[in-house]
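Numbering (our numbering), first residue to last: 548 to 731.
All residues carry an ideal CB built from backbone N, CA and C; glycine is no exception.
Here the structure comes first, spelled out in C-alpha coordinates, and everything after it is commentary.
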(Lines of atoms letter the chains of each structure in order from A; the text may use other names.)
(Lines give C-alpha, C1' and ligand atoms only; values in the text may rest on other atoms or scores of the structure.)
Protein backbone atom coordinates (compact mmCIF):
# COMPACT_ATOMS: atom_id res chain seq x y z
CA UNK A 548 0.00 0.00 0.00
CA UNK A 549 1.46 3.32 -1.08
CA UNK A 550 0.29 6.51 0.62
CA UNK A 551 0.30 9.85 -1.16
CA UNK A 552 2.90 12.32 0.09
CA UNK A 553 0.33 14.48 1.91
CA UNK A 554 -1.18 11.49 3.74
CA UNK A 555 2.24 10.18 4.73
CA UNK A 556 3.22 13.61 6.05
CA UNK A 557 0.00 13.90 8.09
CA UNK A 558 0.45 10.39 9.48
CA UNK A 559 4.06 11.12 10.46
CA UNK A 560 3.01 14.37 12.16
CA UNK A 561 0.27 12.60 14.13
CA UNK A 562 2.67 9.88 15.28
CA UNK A 563 5.21 12.52 16.33
CA UNK A 564 2.63 14.55 18.25
CA UNK A 565 1.28 11.43 19.97
CA UNK A 566 4.76 10.22 20.91
CA UNK A 567 5.53 13.62 22.49
CA UNK A 568 2.21 14.13 24.27
CA UNK A 569 1.90 10.61 25.71
CA UNK A 570 4.92 10.85 28.06
CA UNK A 571 3.92 14.40 29.05
CA UNK A 572 0.45 13.15 29.96
CA UNK A 573 1.97 10.34 32.00
CA UNK A 574 4.17 12.81 33.88
CA UNK A 575 1.26 15.13 34.63
CA UNK A 576 -0.98 12.29 35.81
CA UNK A 577 1.76 10.64 37.88
CA UNK A 578 1.59 13.45 40.44
CA UNK A 579 -2.14 13.02 40.94
CA UNK A 580 -3.24 10.64 43.61
CA UNK A 581 -5.19 7.82 42.03
CA UNK A 582 -7.90 6.13 44.06
CA UNK A 583 -7.19 2.71 45.48
CA UNK A 584 -8.41 0.05 43.12
CA UNK A 585 -8.75 -3.61 43.94
CA UNK A 586 -6.56 -6.07 42.06
CA UNK A 587 -7.76 -7.61 38.85
CA UNK A 588 -6.71 -9.08 35.53
CA UNK A 589 -5.07 -6.85 32.97
CA UNK A 590 -6.95 -6.30 29.77
CA UNK A 591 -6.10 -5.06 26.31
CA UNK A 592 -5.93 -1.28 25.70
CA UNK A 593 -9.28 -0.69 23.97
CA UNK A 594 -11.38 -3.79 24.57
CA UNK A 595 -10.26 -4.50 28.12
CA UNK A 596 -10.89 -8.03 29.34
CA UNK A 597 -13.80 -8.67 26.93
CA UNK A 598 -11.90 -10.99 24.53
CA UNK A 599 -10.93 -13.26 27.42
CA UNK A 600 -14.44 -13.79 28.79
CA UNK A 601 -15.91 -17.23 28.22
CA UNK A 602 -19.51 -18.34 27.81
CA UNK A 603 -19.61 -19.60 31.41
CA UNK A 604 -19.19 -16.22 33.09
CA UNK A 605 -20.19 -17.44 36.53
CA UNK A 606 -17.42 -20.07 36.47
CA UNK A 607 -14.88 -17.56 35.18
CA UNK A 608 -15.87 -14.98 37.81
CA UNK A 609 -15.49 -17.67 40.49
CA UNK A 610 -11.98 -18.47 39.19
CA UNK A 611 -11.07 -14.77 39.15
CA UNK A 612 -12.40 -14.40 42.71
CA UNK A 613 -10.20 -17.32 43.77
CA UNK A 614 -7.19 -15.63 42.18
CA UNK A 615 -7.78 -11.96 43.11
CA UNK A 616 -10.03 -12.17 46.17
CA UNK A 617 -13.71 -11.48 46.86
CA UNK A 618 -13.55 -8.01 45.30
CA UNK A 619 -11.67 -7.29 42.07
CA UNK A 620 -11.69 -4.91 39.14
CA UNK A 621 -12.42 -5.84 35.56
CA UNK A 622 -12.11 -3.64 32.48
CA UNK A 623 -15.00 -4.27 30.07
CA UNK A 624 -14.14 -2.16 27.07
CA UNK A 625 -13.34 1.28 28.43
CA UNK A 626 -15.54 0.83 31.51
CA UNK A 627 -14.03 -0.13 34.83
CA UNK A 628 -16.24 -2.60 36.69
CA UNK A 629 -15.86 -3.78 40.25
CA UNK A 630 -16.94 -7.36 40.82
CA UNK A 631 -17.97 -8.39 44.33
CA UNK A 632 -18.34 -12.12 44.89
CA UNK A 633 -18.72 -12.34 48.65
CA UNK A 634 -22.30 -12.31 50.00
CA UNK A 635 -21.23 -10.43 53.13
CA UNK A 636 -19.52 -7.72 51.05
CA UNK A 637 -22.54 -7.44 48.76
CA UNK A 638 -24.78 -7.02 51.79
CA UNK A 639 -22.51 -4.31 53.17
CA UNK A 640 -22.38 -2.45 49.85
CA UNK A 641 -26.14 -2.56 49.31
CA UNK A 642 -27.03 -1.78 52.92
CA UNK A 643 -24.41 0.75 54.01
CA UNK A 644 -23.28 2.38 50.75
CA UNK A 645 -26.43 2.20 48.67
CA UNK A 646 -26.53 5.91 47.79
CA UNK A 647 -23.03 5.76 46.30
CA UNK A 648 -24.00 2.95 43.94
CA UNK A 649 -27.54 4.18 43.26
CA UNK A 650 -26.76 5.88 39.93
CA UNK A 651 -26.04 4.33 36.58
CA UNK A 652 -23.98 5.48 33.62
CA UNK A 653 -25.81 7.96 31.47
CA UNK A 654 -25.89 7.71 27.71
CA UNK A 655 -26.97 10.10 24.99
CA UNK A 656 -29.73 7.69 23.96
CA UNK A 657 -31.09 7.57 27.52
CA UNK A 658 -30.98 11.36 27.76
CA UNK A 659 -32.99 11.74 24.54
CA UNK A 660 -35.45 8.91 25.26
CA UNK A 661 -36.27 10.17 28.75
CA UNK A 662 -36.42 13.89 27.92
CA UNK A 663 -33.29 14.83 29.82
CA UNK A 664 -33.60 12.07 32.44
CA UNK A 665 -37.15 12.91 33.56
CA UNK A 666 -37.81 9.25 34.22
CA UNK A 667 -37.74 7.20 37.40
CA UNK A 668 -35.34 4.65 35.90
CA UNK A 669 -32.70 7.11 34.63
CA UNK A 670 -32.94 10.09 36.96
CA UNK A 671 -29.81 10.36 39.13
CA UNK A 672 -30.36 9.74 42.81
CA UNK A 673 -31.42 12.93 44.53
CA UNK A 674 -34.47 15.04 45.33
CA UNK A 675 -35.97 14.72 41.83
CA UNK A 676 -35.66 10.92 41.93
CA UNK A 677 -37.22 10.77 45.41
CA UNK A 678 -40.11 12.92 44.19
CA UNK A 679 -40.65 10.72 41.12
CA UNK A 680 -40.51 7.60 43.28
CA UNK A 681 -43.05 9.04 45.73
CA UNK A 682 -45.47 9.82 42.89
CA UNK A 683 -44.90 6.36 41.38
CA UNK A 684 -45.60 4.58 44.67
CA UNK A 685 -48.67 6.69 45.46
CA UNK A 686 -50.23 6.48 42.00
CA UNK A 687 -49.08 3.24 40.36
CA UNK A 688 -48.72 1.05 43.43
CA UNK A 689 -51.85 2.17 45.24
CA UNK A 690 -54.28 -0.55 46.35
CA UNK A 691 -57.00 0.56 43.94
CA UNK A 692 -54.65 0.52 40.96
CA UNK A 693 -53.15 -2.84 41.93
CA UNK A 694 -56.60 -4.40 42.35
CA UNK A 695 -57.66 -3.10 38.94
CA UNK A 696 -54.59 -4.51 37.22
CA UNK A 697 -54.81 -7.79 39.15
CA UNK A 698 -58.08 -8.71 37.45
CA UNK A 699 -56.65 -7.79 34.04
CA UNK A 700 -53.57 -9.93 34.66
CA UNK A 701 -55.71 -12.82 35.85
CA UNK A 702 -57.86 -12.67 32.69
CA UNK A 703 -54.79 -12.55 30.44
CA UNK A 704 -53.10 -15.49 32.16
CA UNK A 705 -56.30 -17.57 31.86
CA UNK A 706 -56.52 -16.66 28.17
CA UNK A 707 -52.87 -17.60 27.63
CA UNK A 708 -53.28 -20.96 29.37
CA UNK A 709 -56.37 -21.73 27.25
CA UNK A 710 -54.39 -20.95 24.08
CA UNK A 711 -51.46 -23.11 25.21
CA UNK A 712 -53.49 -26.19 26.25
CA UNK A 713 -54.37 -27.33 22.68
CA UNK A 714 -50.65 -27.27 21.87
CA UNK A 715 -49.74 -30.00 24.39
CA UNK A 716 -47.49 -32.48 22.65
CA UNK A 717 -46.02 -29.80 20.39
CA UNK A 718 -42.87 -27.89 21.29
CA UNK A 719 -43.49 -24.43 22.65
CA UNK A 720 -40.42 -22.29 23.10
CA UNK A 721 -40.20 -19.73 25.85
CA UNK A 722 -39.79 -16.94 23.30
CA UNK A 723 -43.05 -17.87 21.55
CA UNK A 724 -44.86 -18.17 24.88
CA UNK A 725 -43.55 -14.81 26.04
CA UNK A 726 -44.45 -13.10 22.77
CA UNK A 727 -48.00 -14.46 23.09
CA UNK A 728 -48.17 -13.11 26.62
CA UNK A 729 -46.97 -9.67 25.55
CA UNK A 730 -49.19 -9.43 22.47
CA UNK A 731 -52.40 -10.35 24.31
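Length of the line joining the Cα atoms of residue i and residue j
{"i": "residue 605", "j": "residue 630", "result": "11 Å"}
{"i": "residue 672", "j": "residue 680", "result": "10 Å"}
{"i": "residue 575", "j": "residue 602", "result": "40 Å"}
{"i": "residue 707", "j": "residue 690", "result": "25 Å"}
{"i": "residue 667", "j": "residue 571", "result": "43 Å"}
{"i": "residue 625", "j": "residue 704", "result": "43 Å"}
{"i": "residue 556", "j": "residue 627", "result": "36 Å"}
{"i": "residue 643", "j": "residue 675", "result": "22 Å"}
{"i": "residue 695", "j": "residue 722", "result": "27 Å"}
{"i": "residue 678", "j": "residue 646", "result": "16 Å"}
{"i": "residue 682", "j": "residue 701", "result": "26 Å"}
CB contact check: residue i to chain D, cutoff 8 Å
{"i": "residue 722", "result": "Of the chains in the structure shown, none is chain D; there is only one protein chain."}
Sequence-distant residues of its chain with Cβ nearer than 7 Å to residue i (five each side left out)
{"i": "residue 598", "result": "591"}
Close beta carbons around residue i, own chain, < 8 Å, minus the five adjacent residues each side
{"i": "residue 692", "result": "686"}
{"i": "residue 648", "result": "640 and 641"}
Contact under 8 Å by Cβ, residue i with residue j
{"i": "residue 622", "j": "residue 595", "result": "yes"}
{"i": "residue 600", "j": "residue 618", "result": "no"}
Cβ shell of residue i (< 6 Å), same chain only, five flanking positions each side left out
{"i": "residue 669", "result": "657 and 661"}
{"i": "residue 633", "result": "617"}
(message) Any contact between the region 581-588 and the region 556-573? By contact I mean 3 or more CB pairs, one from each, below 8 Å.
(response) no
(message) Can you confirm whether the region 600-614 touches the region 650-657 when touching is taken to mean that 3 or more C-beta pairs between the two stretches lie within less than 8 Å?
(response) no
(message) For a minimum of 3 consecutive residues, which ranges assigned as the beta strand (DSSP E) are wholly contained in the region 553-634?
(response) 618-623 and 626-631
(message) So within the region 670-697, which uninterrupted alpha helix (DSSP H) runs reach at least 4 residues, ignoring any that extend past its ends?
(response) 674-686
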